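K.L.:
The structure is given below, and queries will be raised subsequently.
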Ligand SMILES: C=C(C[SeH])C(=O)N1CCC[C@H]1C(=O)O
Ligand SMILES: [Zn+2]
């Protein structure tokens, strides 16, 4: 029963939700215009628009503070007030706010437009990260070429933004302090609303680390087989440029070098996509059809009319893939420089997973149109991809001619998935370990790069291909650092997506926890299961209206993050790796690097 004043408070929140939605829609149009056409004009429009909205937000925030909302009896109303009570960056004086947003836009633009020279043909100087360098890291097995592109990209990206970043850190911390947080690390972590969140994450990593050490030791040995002592020290860290990815964050692209049973290798999905003449549109339609098979939503007409799904030839854009909610209940888009390859097929599912979340919570009040926590938002599409990537499913959709279900094939399949999911976890963790340290002034700007490589060595067991210096700024060669996108959300996602997958597989009748060997979890495909789809939809529809343990319970029956789903999934691979590494006498772990960061 309402306390007095609660009725007007509800009217105020309704007004705020409507106005906030209008401003967000307006602001996202300006952001989209800039992200899809990086001109000075579009940047200025975006910055001015954001200043206009900051003015409105600040006025309404002052109004909001007049309401004794902590005393209200309606939990929904209290929760909406709580969310709006954090003013965010408009708490800065507006000249500083403009400076912060200009720094972020400039860093993102420098990253997105970085170009490097060809490693042989010095006349070719216009290779971009996407698609050229990304495809080189997928395909090239030439250490010299990879070293060139690894170093040149960092010279044209990270190195260029080292001073921007120092200023950004101070301003981001000022935003935090003006919002009554001790520093930007605490401000960013507020999104999880969990007091011992960092301890929980540290514990998850400790549980998973033994498995990581095993796959690291095995991959290092196979890279040593391929590249020899000249490039790989079998007891040392793995050189970062040899792992199939510009940031060594996922290793699935070197599967062909490390496949446990080559005689059982399956045909490459990329080759099959190309052989069948898949277009980018057909890749998106394939992903959409998986979701509709679950009784989830098709993409609305605006999605197909307004998304940018391929890199334009006539202008610079931010190629890093992203999904956009224009907060009007109708306009949802993806921006992606898609190529026809296996990796992009899964990224498409990842991005479409974001849009599914947008669609499911579009009738929530504006305050609740977020994920239960940011990790949930990143986990939706990946959870679906765990079904899509199974040989059983790829066969169903005609991307794999035949399926062999024997022990060797299972190990091969688990290795392929492990090269993405297990390899990623230390990177997903250290990205914000570094930033939390920087925001907390535990890492001074004189040590930015030294500390980055200390964490890369300690958690990932990798090293740069050659010496680095403090003139370099290698964290700035990663999108999320220059675009100020928090990253622990991906670590959370890579753990909870296995909890979601297990729950949906049980619901779909594809996995029985009481008899796990009857239907191995890594063969589960929830395709066409409306029961699984409804279970997922009901969780997504909550948006951020409940604390995330409620959403976790709604889908899995548990209330906490739990690494056991991931560890159970990879258990056969872990056993195989332990035996294999013992057989070849691998050092599990790594010795110090001989590469200096001075
Ligand atoms: C695909 C996206 C857009 Se939300 C992304 O940034 N991801 C997805 C996996 C990790 C992270 C990355 O690329 O670093
Ligand atoms: Zn994402």
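Numbering (the numbering used here), first residue to last: 194 to 791.
In this text, a Cβ means the ideal position worked out from N, Cα and C, and glycines have one as well.
Only a predicted model underlies this, so the values are computations on that prediction, with no experimental measurement involved.
(1) When you compare the CB positions of residue 709 and residue 653, do they come within less than 8 angstroms of one another, or not?
(2) Using the beta-carbon count (16 or more within 10 Å), is residue 707 buried or exposed?
(3) Alpha carbon to alpha carbon, how far is residue 239 from residue 224? Give it in angstroms, no decimals.
(4) Is it the case that the region 590 to 598 contacts the region 456 to 465, given that we only count it when at least three CB pairs across the two stretches are under 8 angstroms?
(5) How far does the beta strand (DSSP E) with residue 526 in it extend, from its first residue to its last?
(6) Closer than 7 angstroms: is that where the CB of residue 246 sits relative to any heavy atom of ligand 1?
(7) In whole angstroms, what is the alpha-carbon distance linking residue 719 and residue 387?
(8) Given a cut-off of 8 angstroms on the beta-carbon distance, is the pair residue 221 and residue 520 in contact?
(9) Check for me: the alpha helix (DSSP H) holding residue 243 runs from which residue to which?
(10) I'd like to confirm something about residue 471: is its beta-carbon nearer than 7 angstroms to some heavy atom of ligand 1, or not?
(11) Under 8 angstroms by Cβ, that's how I've got residue 687 and residue 617 pegged, so tell me the actual separation to the nearest angstrom.
(12) Tell me the residue span of the beta strand (DSSP E) that contains residue 515.
(13) With burial defined as no fewer than 16 other Cβ atoms inside 10 Å of the residue's Cβ, what is the status of residue 779: buried or exposed?
(14) Evaluate the contact criterion for the region 287 to 299 versus the region 244 to 251: three or more CB pairs, one atom per stretch, below 8 angstroms.
(15) DSSP state of residue 495, grouped into three classes?
(16) Shorter than 7 angstroms, the distance from the beta carbon of residue 798 to the closest heavy atom of ligand 2, or not?
(17) Would you please state the rounded distance, in angstroms, between the beta carbons of residue 336 and residue 783? I believe it to be under 8 angstroms.
(18) Starting from the C-beta of residue 464, find all residues in its chain whose C-beta is less than 6 angstroms away, skip the five residues before and the five after it, and write them out in chain order.
(19) Ligand 2 and residue 571: does the residue's C-beta get closer than 7 angstroms to at least one heavy atom of that ligand?
(20) Can you check which of these residues, 700, 756 and 532, is closest to residue 615 by C-alpha distance?
(21) I need the straight-line Cα distance from residue 255 to residue 487, nearest angstrom please.
(22) Measuring only between beta-carbons, confirm whether residue 205 sits less than 8 angstroms from chain C.
(23) Can at least three beta-carbon pairs, one atom from the region 292 to 304 and one from the region 666 to 678, be found at a separation below 8 angstroms?
(24) Here's a check: name, in chain order, each residue in its chain whose Cβ is nearer than 7 angstroms to the Cβ of residue 695, leaving out the five neighbours to either side.
(25) Quick one: is the Cβ of residue 673 within less than 7 angstroms of any heavy atom of ligand 1?
(26) Residue 312: beta carbon under 7 angstroms from a heavy atom of ligand 2?
(27) Quick check on DSSP: helix, strand or coil for residue 601?
(28) Between the Cα of residue 325 and those of 575, 311 and 315, spot the shortest distance and give me the residue it belongs to.
(29) Among 445, 573, 316 and 662, which one has its Cα closest to the Cα of residue 480?
(30) Classify residue 656 as helix, strand or coil using the three-state DSSP reduction.
(31) Do you know how far the Cα of residue 648 is from the Cα of residue 260?
(32) Taking the DSSP output, what are the residues bridged to residue 432?
(33) In whole angstroms, what is the alpha-carbon distance linking residue 507 and residue 455?
(34) Quick check: does the Cβ of residue 513 come within less than 7 angstroms of any heavy atom belonging to ligand 2?
(35) By DSSP, does residue 305 sit in helix, in strand, or in coil?
(36) Sorry if obvious, but does the Cβ on residue 543 come closer than 7 angstroms to a heavy atom of ligand 2?
P.N.:
Short version:
(1) Taking 8 angstroms as the cut-off, the Cβ atoms of residue 709 and residue 653 do not count as close.
(2) exposed
(3) 6 angstroms
(4) yes
(5) 525 to 528
(6) Remark: the shortest separation between the CB of residue 246 and any heavy atom of ligand 1 does not fall under 7 angstroms.
(7) About 31 angstroms.
(8) yes
(9) 233 to 257
(10) no
(11) 6 angstroms
(12) 515 to 518
(13) buried
(14) Verdict: yes, contact present.
(15) helix
(16) Given a span of 194 to 791 for the chain in the structure shown, any question on residue 798 remains unanswerable.
(17) The pair is not a contact, with the Cβ atoms about 19 angstroms apart (cut-off 8 angstroms).
(18) none
(19) yes
(20) 756
(21) 45 angstroms
(22) Protein chain content of the structure displayed is limited to a single chain, and chain C is not contained in it.
(23) yes
(24) The beta carbon of residue 695 sits closer than 7 angstroms to the beta carbons of 704, 714 and 758 from its chain, once the five residues preceding and following it are set aside; these are given in chain order.
(25) yes
(26) no
(27) helix
(28) 311
(29) In terms of Cα proximity to residue 480, the closest of 445, 573, 316 and 662 is 573.
(30) strand
(31) Going by the C-alpha atoms only, they are around 45 angstroms apart.
(32) 656
(33) Take the alpha-carbon of residue 507 and the one of residue 455: they are about 43 angstroms apart.
(34) Proximity of the beta carbon of residue 513 to ligand 2 is not indicated: no heavy atom of the ligand is located closer than 7 angstroms.
(35) helix
(36) It does: the Cβ of residue 543 is within 7 angstroms (strictly closer) of some heavy atom of ligand 2.
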